[in-house]
Amino acid sequence: MNMPLPFQQVWSPEDAVTIVTGASSGIGFELTRMLVEEGAHVVAVARRQQRLTELANATSCPERVHCIVGDVTDASTREKAMAAADSLRDGRLDLLVNNAGVGAIGPFAEASPERMRRVMEVNFFAPVDWTRDALPRLRQAAQEGGHPVICNIGSVLGHRAVPDKSEYCASKFALHGWNDSLRAELVGDGIGVTLVSPSTTRSEFFDSLVETDPGQKSASVGSWPPTRVAQAALLAIKRGRSEVILSLGGKALVYADRMSPPVMNGLLAKRGR
Ligand SMILES: NC(=O)c1ccc[n+]([C@@H]2O[C@H](COP(=O)([O-])OP(=O)(O)OC[C@H]3O[C@@H](n4cnc5c(N)ncnc54)[C@H](OP(=O)(O)O)[C@@H]3O)[C@@H](O)[C@H]2O)c1
Numbered sequence: 001m002n003m004p005l006p007f008q009q010v011w012s013p014e015d016a017v018t019i020v021t022g023a024s025s026g027i028g029f030e031l032t033r034m035l036v037e038e039g040a041h042v043v044a045v046a047r048r049q050q051r052l053t054e055l056a057n058a059t060s061c062p063e064r065v066h067c068i069v070g071d072v073t074d075a076s077t078r079e080k081a082m083a084a085a086d087s088l089r090d091g092r093l094d095l096l097v098n099n100a101g102v103g104a105i106g107p108f109a110e111a112s113p114e115r116m117r118r119v120m121e122v123n124f125f126a127p128v129d130w131t132r133d134a135l136p137r138l139r140q141a142a143q144e145g146g147h148p149v150i151c152n153i154g155s156v157l158g159h160r161a162v163p164d165k166s167e168y169c170a171s172k173f174a175l176h177g178w179n180d181s182l183r184a185e186l187v188g189d190g191i192g193v194t195l196v197s198p199s200t201t202r203s204e205f206f207d208s209l210v211e212t213d214p215g216q217k218s219a220s221v222g223s224w225p226p227t228r229v230a231q232a233a234l235l236a237i238k239r240g241r242s243e244v245i246l247s248l249g250g251k252a253l254v255y256a257d258r259m260s261p262p263v264m265n266g267l268l269a270k271r272g273r
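Residue 129 in UniProt numbering sits at position 129 of the sequence shown; the count goes up by one each step and never skips.
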């Protein structure tokens, strides 16, 4: 007997055609695994082929993982991923997860201009370009009676900026603003837009920072494993949530800032340099 769900499910992974960028590690890896176990096909995108193969083999249904190897900022990667999705259900797409992301740590004044450009390209312009190409396919799913979703993996640092992460905060604030406009624009098309904002996550994120001294870490109150973040993201997608902010520390940062930005400015200010 099927147990009734404790919430109203808007989106179902069963037989869904999905694309997840940044699927080779961390949150994207776990989310892909969960989607496949619940019956979805996932076009899994990342640069490391070996990791994508390991991902497929970590599922009970490797044939449902369609690996596309490439950089998300390259148009050719996007085209291959869209073509792979098109081949599954005649051009219909039920979910796009813009998850691939990179960080950088260190003062803005000491960084090269390329650091800002690279972080913005991966974290902001890539999701924009992937979404633009996905839209007709998502519309088709809506016209066929589905409830397609765009899920953008943001960050609590897209709600409250902190020092020494100017590039990352800029990219996640841009993603947040664009996400909110898009959500309002796409209501009439029947396409949901979900922003998931994790706080510090114990992934490989801090091992691949752009132009940053090795060993840099993020100061944070507590951290979540990628599995927990992926579970929260999948639940938000299923429930058609517009936004979720994750972890107690993350919520504290965001809501304290909403209540009193000047207090947070004072607390976060760097002094005595
Ligand atoms: N970790 C945190 O503390 C944290 C906190 C808040 C938000 N987030 C956000 O969560 C998302 C996932 O991060 P994570 O924590 O899971 O980190 P992660 O383990 O480093 O995973 C990042 C993924 O993105 C892929 N990627 C990076 N640059 C890429 C590019 N140019 N082209 C294609 N794929 C690329 C990586 O694959 P390849 O290297 O194989 O290409 C990897 O699969 C990011 O958007 C990040 O900003 C993370």
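Glycine included, every Cβ here is placed at the ideal spot set by N, Cα and C. If you're wondering where the values come from, they're calculated on a predicted model, not measured in any experiment.
Cβ neighbours of residue i in the same chain (closer than 8 Å, five flanking residues each side left out)
i: Arg51; result: Ser24, Ser25 and Phe29
i: Arg202; result: Ser223, Trp224, Pro225 and Pro226
i: Val36; result: Val42, Thr59, Ser60, Cys61, Arg64 and Val65
i: Asp86; result: Arg137
Contact under 8 Å by Cβ, residue i with residue j
i: Val229; j: Ile19; result: no
i: Val45; j: Leu55; result: no
i: Trp224; j: Ser208; result: no
i: Gly22; j: Asn123; result: no
i: Thr53; j: Val42; result: no
i: Arg115; j: Ala104; result: yes
i: Val221; j: Gly249; result: yes
i: Arg78; j: Trp130; result: yes
i: Val210; j: Val102; result: yes
i: Asp71; j: Arg47; result: yes
i: Gly106; j: Asp164; result: yes
i: Tyr168; j: Val119; result: yes
i: Gly240; j: Gly192; result: yes
i: Asp189; j: Ala219; result: no
i: residue 276; j: Lys217; result: Residue 276 lies beyond the residue range present for the chain, which begins at 1 and ends at 273; the question has no answer from this structure.
i: Met34; j: Leu234; result: yes
i: Ser112; j: Arg183; result: no
Extent of the continuous beta strand (DSSP E) run through residue i
i: Ala46; result: His41 to Ala46
i: Ile237; result: Element bounds for Ile237: not the beta strand (DSSP E) but the alpha helix (DSSP H), Pro226 to Arg239.
i: Val196; result: Gly192 to Ser197
i: Asn152; result: Val149 to Ile153
i: His66; result: Val65 to Val69
i: Val244; result: Glu243 to Ile245
i: Thr18; result: Val17 to Thr21
i: Val97; result: Leu95 to Asn98
Proximity test, Cβ basis, 8 Å: residue i and chain B
i: Ala44; result: Although the question refers to chain B, the structure presented lacks it and comprises just one protein chain.
Ligand 1 heavy atom lying under 7 Å from the CB of residue i
i: Pro113; result: no
i: Val72; result: yes
i: Arg51; result: yes
i: Glu110; result: no
i: Thr131; result: no
i: Arg47; result: yes
i: Gly249; result: no
i: Pro198; result: yes
i: Ile27; result: yes
i: Ser12; result: no
i: Asn123; result: yes
i: Ala23; result: yes
i: Ser155; result: yes
i: Glu79; result: no
i: residue 278; result: The displayed coordinates of the chain run from 1 to 273. Any statement about residue 278 would go beyond what the structure contains.
i: residue 286; result: In the structure displayed, the chain extends from 1 to 273; residue 286 sits before or after that span and is not available.
i: Gly101; result: yes
i: Glu167; result: no
i: Pro226; result: yes
i: Thr59; result: no
i: Thr201; result: yes
i: Ser218; result: yes
i: Met204; result: Sequence check: residue 204 is Glu here, not Met. Indeed, a heavy atom of ligand 1 lies less than 7 Å from the Cβ.
Cβ-based neighbour list, residue i, same chain, cut-off 7 Å, excluding 5 preceding and 5 following
i: Ala81; result: Ile19, Val43, Val45 and Ile68
i: Ile237; result: Trp11, Leu95, Val149, Cys151 and Thr194
i: Lys172; result: Asn123, Gly154, Ser155, Leu157 and Gly158
i: Gly39; result: Pro13, Glu14 and Asp15
i: Ser76; result: Gly70
i: Val128; result: Trp178
i: Thr212; result: Ala104, Ile105 and Gly106
i: Ser166; result: Phe108
Nonlocal neighbours in the same chain, by C-beta distance under 6 Å from residue i, ignoring five residues either side
i: Ala161; result: Cys169
i: Ala174; result: Phe124
i: His176; result: Gly154 and Gly158
First through last residue of the alpha helix (DSSP H) which encompasses residue i
i: Leu35; result: Gly26 to Glu37
i: Leu267; result: Pro261 to Leu268
i: Asn57; result: Gln49 to Asn57
i: Thr131; result: Ala126 to Gln143
Review point. Should the stretch 193 to 202 be regarded as contacting the stretch 154 to 172, the criterion being three or more beta carbon pairs within less than 8 Å?
Key: Yes, the stretch 193 to 202 touches the stretch 154 to 172.
**Study point:** Contact the stretch 137 to 150 vs the stretch 58 to 72: 3+ CB pairs below 8 Å
**Key:** Taking one beta carbon from each stretch, the stretch 137 to 150 and the stretch 58 to 72 have fewer than 3 pairs nearer than 8 Å; the two do not touch.
Check your understanding: Is the stretch 81 to 96 in contact with the stretch 9 to 19, if contact means three or more CB pairs nearer than 8 Å?
Key -> With the cut-off at 8 Å, the stretch 81 to 96 and the stretch 9 to 19 touch.
Review point. Is the number of C-beta pairs between the stretch 255 to 272 and the stretch 114 to 128 that are closer than 8 Å three or more?
Key: Too few Cβ pairs lie closer than 8 Å, so no.
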